[in-house]
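S.K.:
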Ligand SMILES: Nc1ncnc2c1ncn2[C@@H]1O[C@H](COP(=O)(O)OP(=O)(O)O)[C@@H](O)[C@H]1O
Ligand SMILES: [Mg+2]
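Protein chains in written order, with the numbering used here: chain E, 1 to 361; chain W, 362 to 586; chain C, 587 to 807.
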């Protein structure tokens, strides 16, 4: 756990403190997002944790020990640090870059080599890159190397300052997903600075919204932040489409799904049409055993239910976010989203009213 | 109307003289080489120390570079003349002057190289627990190498040229031939050409040599993104 | 300390302050020669550099000229010009100094013009400026700081090499130094060194000052 107690940083010559009396707790094993407008003191806060910036006053406890009273170099070697412009050493190969902290810590060569290999896999970097120099890599690849380098000595704490700020949106999205997946396995304590509220909501277990001067306006899980912004500043910062953002935090699997009227491939066509008529449906979901095949209109069905059917436009699974599910619902001709599990087995369906209910709850 | 007072073009170089004096030529070339090498080596050590000082204490940067710029402005012949009463017509006089001329370029490039290291690289280094010293020797210095080497190349080539002028104070390496050429009638153009051509060759050899050396030590800079 | 005494003795002799080999005459000779050579250099090198720079084909050429120019010692150029012209005195000295001034002037003009932001040039063309107007109204003013730096480099080289001209029997302040060496007259030698150093440093400051004045002009508005 990282505890900030009344931490203040005044830069010489500045009118007011960059961070004034900030107190917060960062629980072990969670991703905490520091988010706020430019110049509000996010970077300063982060850099005080690894003592690249010396706090003017206050205490920073890392597992109960005040870092401001320790050797800064030792502190830093035990904390991973990733920055927006990565800061890879241009004169060292990728492998050497990743091995920086293990080398500093004096690990023996074979252990370092093994670790580099392991990390290469972990951050999904092409092993061919290892002998290259940083300028030979793309922005996204460099960022992966930055993460690998920060993780090299397996530090319990990771500080990340807008690490994905300089890559294009598609790569950024992928890197964000990978970070989440990585965190599922590693359970690091991560302090992540961003000015992008969507990134904060997407990645954070908790989000700290900071105002100018390092003032903590709200600190809570993203769901709560979106449901109940503490004040006008936070509400403003969250921006529009708060409802949609909330839906993006939850998955289809969390809902109770409605049952679907189905027709088995090869069963009697007349029986299927009869069921449609009884329930006032103009289409029916076709399954083969419990596997989803598609959907058919009455006119498509002859004596038997055929094994060829129309495919649903969107593929909705239990892991799909509610926001995406809503999109599927409103853009499908059927007006619902049919949901499958990881093995393509039909589990149910959702309709628009169910999603709306989620928002008002 | 032009009157031909001097040698005709067909005997621009008296090869027979050259053949007879190969040992003198070798000796002077060698003198040229060591005057140059000593000047650049000493100049680099001084410039490096000054650069580290400037780096740790940015306030001295301006006065130091301004002083070396002024030294650079003063004609070399004047510097040698000013030193003669103190250090005589000696190798030391030549070297002091030559070293002075290297300082401007060497300090400027060394400081630019060391300061030109991107902030984020230093920041990442510090963030991973590099101490200041290690950051200087393991990150700043290697990254500054291309710019420092460029400075050494320029300084070396100019020094090769300036060494010729030290002939006036009895040193001079290959400059000795050039001066002889100005002062005698017999074999005049031979003297001048031997001096000039060999000193140009020397400059080129030094330049390419240092470039090779630099490339060998900065493999990462070979391809720039 | 002997040197200082001899310097003082030389300077306090009134006969050294008048006549064709007096200090004022030689100082004026030195300044005049420097000015003349630089003037010639500017007239030749700057228009050529502007033209080549405008066509944006010159960077490779410029780099090569710098490298070659640097490798040939000034003293060597003087000697080569001397054997080529088969003259002594003013002519070989003047030609040498002009050649020396050409390299920095030409190279910096080419580079100065070429390094003007292509977007700015593009915008100027887009607004309908003719090629001539682009060159004179956009590229030249924006390239001026670098051209002036080239002028300063040329000045330093020319003043310095003008002292060597005494070796081909021309006057100027170098005479005092060379004659001082030859006659083992430290007072004369130091006088030459001192004055030439003064001319160089003062001249350099003047050029620097002009440079600063010129570069605040177009940027100020
Ligand atoms: N090294 C510094 N010296 C002086 N002021 C600084 C320094 N670093 C940051 N600041 C100031 O502190 C404030 C907070 O900066 P920072 O923490 O970088 O903001 P953020 O990362 O949230 O954009 C800003 O007003 C900034 O100008
Ligand atoms: Mg920041």
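For every residue, glycine included, the Cβ atom is placed at its ideal position computed from N, Cα and C.
Quick one: what's got a C-beta closer than 7 Å to residue 302 of chain E's C-beta in the same chain, skipping five residues either side?
M.R.: Residue mapping note: residue 302 of chain E aligns to position 302 of the first chain, counting from 1. Around residue 302 of chain E: 269.
S.K.: Buried or exposed, going by whether 16 or more other CB atoms sit within 10 Å of the CB of residue 277 of chain E?
M.R.: Start at 1 with the first residue of the first chain, and residue 277 of chain E comes out as number 277. Classification for residue 277 of chain E: exposed.
S.K.: Pull up the DSSP beta-bridge partners for residue 409 of chain W, would you.
M.R.: For this step, residue 409 of chain W is matched to residue 48 along the second chain. DSSP, once it has assigned bridges, lists no residue as partnering residue 409 of chain W.
S.K.: Check whether the region 573-584 of chain W touches the region 78-97 of chain E, counting contact only when three or more Cβ pairs, one atom from each stretch, lie closer than 8 Å.
M.R.: A contact exists between the region 573-584 of chain W and the region 78-97 of chain E.
S.K.: Just to confirm my understanding: we take residue 698 of chain C, look at its own chain, exclude 5 residues before and 5 after, and list those with CB closer than 6 Å. What are they?
M.R.: Within the third chain, numbered from 1, the residue matching residue 698 of chain C stands at position 112. Closer than 6 Å at Cβ, skipping near neighbours: 729, 732 and 733.
S.K.: Could you confirm whether any beta carbon from chain C is found closer than 8 Å to the beta carbon of residue 399 of chain W?
M.R.: On the second chain, position 38 is the one that residue 399 of chain W refers to. It does not; no Cβ of chain C falls within 8 Å.
S.K.: What first and last residue would you give for the beta strand (DSSP E) that runs through residue 211 of chain E?
M.R.: The count along the first chain starts at 1 and reaches residue 211 of chain E at position 211. 206-211 is the span of the beta strand (DSSP E), which, as asked, contains residue 211 of chain E.
S.K.: Starting from residue 511 of chain W, find everything on chain E with Cβ-Cβ shorter than 8 Å and list it in chain order.
M.R.: For the purposes of this step, residue 511 of chain W is identified with residue 150 of the second chain, where counting begins at 1. Near residue 511 of chain W there are no residues of chain E at all, since even the closest Cβ is about 16 Å away, more than 8 Å.
S.K.: List the endpoints of the continuous beta strand (DSSP E) containing residue 462 of chain W.
M.R.: By one-based count along the second chain, residue 462 of chain W stands at place 101. Counting along the chain, residue 462 of chain W falls outside any beta strand (DSSP E), though it belongs to the alpha helix (DSSP H) covering 452-476.
S.K.: Taking C-beta to C-beta, are residue 41 of chain E and residue 216 of chain E nearer than 8 Å?
M.R.: Along the first chain, read from residue 1 onward, the residue named residue 41 of chain E stands at position 41. Along the first chain, read from residue 1 onward, the residue named residue 216 of chain E stands at position 216. No.
S.K.: Checking contacts by CB at 8 Å: is residue 805 of chain C closer than that to chain W?
M.R.: The count along the third chain starts at 1 and reaches residue 805 of chain C at position 219. For residue 805 of chain C, the predicted model reports a pLDDT of 47, less than 50, meaning its position is unreliable; a value from the coordinates is still stated below. No, residue 805 of chain C lies away from the interface with chain W (no Cβ there is under 8 Å from its Cβ).
S.K.: The alpha helix (DSSP H) spanning residue 172 of chain E covers which residue range?
M.R.: Along the first chain, read from residue 1 onward, the residue named residue 172 of chain E stands at position 172. Taken as a continuous stretch (DSSP letters only), the alpha helix (DSSP H) holding residue 172 of chain E covers 169-186.
S.K.: Give the straight-line distance between the Cα atoms of residue 410 of chain W and residue 492 of chain W, rounded to the nearest whole angstrom.
M.R.: For the purposes of this step, residue 410 of chain W is taken as residue 49 along the second chain, with counting starting at 1. For the purposes of this step, residue 492 of chain W is taken as residue 131 along the second chain, with counting starting at 1. Going by the C-alpha atoms only, they are around 20 Å apart.
S.K.: If you draw a straight line from the C-alpha of residue 513 of chain W to the C-alpha of residue 484 of chain W, how long is it?
M.R.: Locating residue 513 of chain W in the second chain gives position 152, where the first residue counts as 1. Locating residue 484 of chain W in the second chain gives position 123, where the first residue counts as 1. Roughly 28 Å between the two C-alpha positions.
S.K.: When the distance is taken between beta carbons, is residue 602 of chain C closer than 8 Å to residue 785 of chain C?
M.R.: Counted from its first residue, the third chain places residue 785 of chain C at position 199. Counted from its first residue, the third chain places residue 602 of chain C at position 16. Taking 8 Å as the Cβ cut-off, residue 785 of chain C and residue 602 of chain C do not qualify as a contacting pair.
S.K.: Taking the runs of the beta strand (DSSP E) that are 3 residues or longer, which of them lie wholly in the region 53-135 of chain E?
M.R.: Entirely contained in the region 53-135 of chain E, the beta strand (DSSP E) runs reaching 3 residues are, in chain order, 57-62 and 79-83.
S.K.: Would you say residue 245 of chain E touches ligand 2, meaning its beta carbon is less than 7 Å from a heavy atom?
M.R.: The residue labelled residue 245 of chain E in the question sits at position 245 within the first chain. No - ligand 2 has no heavy atom lying nearer than 7 Å to the Cβ of residue 245 of chain E.
S.K.: Residues in its own chain within less than 8 Å of residue 6 of chain E by CB, not counting five upstream and five downstream?
M.R.: Position 6 of the first chain, counting from 1, holds the residue named residue 6 of chain E. Cβ neighbours of residue 6 of chain E beyond the five flanking positions: 21, 22, 23, 57, 58 and 59.
S.K.: Report the start-end ranges of each alpha helix (DSSP H) in the region 712-752 of chain C that is 4 residues or longer and not cut off at the edges.
M.R.: Listed in chain order, they are 726-750.
S.K.: Does the region 554-563 of chain W come close enough to the region 525-543 of chain W to have 3 or more Cβ pairs within less than 8 Å?
M.R.: Yes, the region 554-563 of chain W is in contact with the region 525-543 of chain W.
S.K.: How big is the Cα-Cα spacing for residue 287 of chain E and residue 346 of chain E?
M.R.: Start at 1 with the first residue of the first chain, and residue 287 of chain E comes out as number 287. Start at 1 with the first residue of the first chain, and residue 346 of chain E comes out as number 346. Distance between the alpha carbons of residue 287 of chain E and residue 346 of chain E is about 8 Å.
S.K.: Whose C-alpha, out of E:118, E:292 and E:243, is nearest the C-alpha of residue 355 of chain E?
M.R.: Locating residue 355 of chain E in the first chain gives position 355, where the first residue counts as 1. Nearest C-alpha to residue 355 of chain E: E:243.
S.K.: What do you reckon, are the CB atoms on residue 592 of chain C and residue 769 of chain C nearer than 8 Å?
M.R.: The residue given as residue 592 of chain C occupies position 6 in the third chain. The residue given as residue 769 of chain C occupies position 183 in the third chain. Result no, Cβ atoms of residue 592 of chain C and residue 769 of chain C do not sit closer than 8 Å.
S.K.: Go ahead and pull the three-state DSSP assignment for residue 377 of chain W.
M.R.: Taking the second chain and counting its residues from 1, the one referred to as residue 377 of chain W is at position 16. Reduced to three states, the DSSP call for residue 377 of chain W is helix.
S.K.: Quick one, are the C-beta atoms of residue 475 of chain W and residue 430 of chain W less than 8 Å apart?
M.R.: Taking the second chain and counting its residues from 1, one reaches residue 475 of chain W at position 114. Taking the second chain and counting its residues from 1, one reaches residue 430 of chain W at position 69. The answer is no: Cβ separation not under 8 Å.
S.K.: Hey, does residue 481 of chain W have any beta-carbon neighbour from chain E nearer than 8 Å?
M.R.: As a first step, residue 481 of chain W is located in the second chain; it is residue number 120 there, counting from the start. Yes, residue 481 of chain W counts as interfacial toward chain E.
S.K.: Using beta carbons (cut-off 8 Å, strictly below), is residue 761 of chain C in contact with chain W?
M.R.: Taking the third chain and counting its residues from 1, one reaches residue 761 of chain C at position 175. So no, residue 761 of chain C is outside the interface.
S.K.: Starting from residue 220 of chain E, follow its DSSP beta bridges and name the residues at the other end.
M.R.: The residue labelled residue 220 of chain E in the question sits at position 220 within the first chain. According to DSSP, residue 220 of chain E bridges with E:207.
S.K.: Alpha carbon to alpha carbon, what distance is there between residue 388 of chain W and residue 651 of chain C?
M.R.: As a working note, residue 651 of chain C is residue 65 in the third chain. As a working note, residue 388 of chain W is residue 27 in the second chain. Approximately 30 Å, taken between the alpha carbons.
S.K.: Assuming residue 194 of chain E contacts residue 235 of chain E under a Cβ cut-off of 8 Å, what Cβ separation, rounded to an integer in Å, is found between them?
M.R.: Walking along the first chain from the start, residue 194 of chain E turns up at place 194. Walking along the first chain from the start, residue 235 of chain E turns up at place 235. Rounded, the Cβ-Cβ distance is 19 Å, inconsistent with contact.
S.K.: In chain order, what are the residues with a CB under 5 Å from some non-hydrogen atom of ligand 1?
M.R.: Spelled out in chain order, the answer is E:11, E:18, E:38, E:39, E:40, E:41, E:42, E:43 and E:44.
S.K.: Quick one: grab the DSSP three-state call for residue 365 of chain W.
M.R.: Your numbering for residue 365 of chain W matches position 4 in the second chain. At residue 365 of chain W the pLDDT is 48, less than 50, meaning the model places this residue with poor confidence and gives no usable figure here.
S.K.: Along the region 30-53 of chain E, where does the CB come closer than 7 Å to a CB of chain W? Name the residues.
M.R.: For the region 30-53 of chain E, which is checked against every Cβ of chain W, the residues closer than 7 Å are 50 and 52.
S.K.: Below 8 Å on the Cβ atoms is my guess for residue 691 of chain C versus residue 635 of chain C; work out the distance and round it to an integer in Å.
M.R.: The count along the third chain starts at 1 and reaches residue 691 of chain C at position 105. The count along the third chain starts at 1 and reaches residue 635 of chain C at position 49. Their Cβ separation, rounded to whole angstroms, is 7 Å, which keeps residue 691 of chain C and residue 635 of chain C in contact under 8 Å.
S.K.: Answer yes or no: does any C-beta atom of chain E fall closer than 8 Å to that of residue 419 of chain W?
M.R.: For the purposes of this step, residue 419 of chain W is identified with residue 58 of the second chain, where counting begins at 1. It does not; no Cβ of chain E falls within 8 Å.
S.K.: Please determine whether the Cβ atom of residue 161 of chain E lies at a distance below 7 Å from any heavy atom of ligand 2.
M.R.: Position 161 of the first chain holds residue 161 of chain E. Checking the Cβ of residue 161 of chain E against ligand 2 gives yes.
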